[in-house]
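Residues in the sequence shown are numbered consecutively from 1, following UniProt numbering.
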Amino acid sequence: MHPEMIRAEIKMKGLSLADVAAMAGIGESTVRQALRKPSTAGEMAIAKVLGKPLYELWPERWTKDGRRIRPRYAYLYKEAAA
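What follows is the structure, given as structure tokens:
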């Protein structure tokens, strides 16, 4: 899902990224980072607030059974998850 769509869904719930972070007990930067690149804690916080599975929000990062999709080579990680 596009990062702006995720951000819009959070806003439609009357929340900000700072609210999501506070609810999860993590830093706001962690939640912001999750919108653009892999961040397990941030992704989980967003998914919980939206009531959606991780794979629905980030199908390029997560499998339906909840496993992180990892690229074969670490240096390709940004491209694989973008």
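Glycine included, every Cβ here is placed at the ideal spot set by N, Cα and C.
Nearest-angstrom Cα separation, counted from Lys-52 out to Arg-67: Your numbering for residue 67 matches position 67 in the sequence shown. Your numbering for residue 52 matches position 52 in the sequence shown. Rounded to the nearest angstrom, the two C-alpha atoms are 15 Å apart.
Supposed close pair Leu-17, Glu-28 - CB separation, criterion 8 Å: Residue numbering aside, residue 17 sits at position 17 when the sequence shown is read from its first letter. Residue numbering aside, residue 28 sits at position 28 when the sequence shown is read from its first letter. Contact between Leu-17 and Glu-28 holds: their C-beta atoms lie close to 6 Å from each other, under 8 Å.
Minimum C-alpha distance to Pro-3 - residue among Lys-13, Lys-48, Ala-22 and Glu-43: Translated into the one-based positions of the sequence shown, residue 3 becomes position 3. The residue with the shortest Cα to Cα distance from Pro-3 is Glu-43.
Expected contact under 8 Å - CB spacing of Ile-26 and Leu-57 to nearest Å: Taking the first residue of the sequence shown as position 1, residue 26 is located at position 26. Taking the first residue of the sequence shown as position 1, residue 57 is located at position 57. The beta-carbon separation of Ile-26 and Leu-57, rounded to 17 Å, does not stay under the 8 Å limit for a contact.
Simplified DSSP assignment, three categories, for Arg-36: Counting from 1 along the sequence shown, the entry for residue 36 is found at position 36. Helix.
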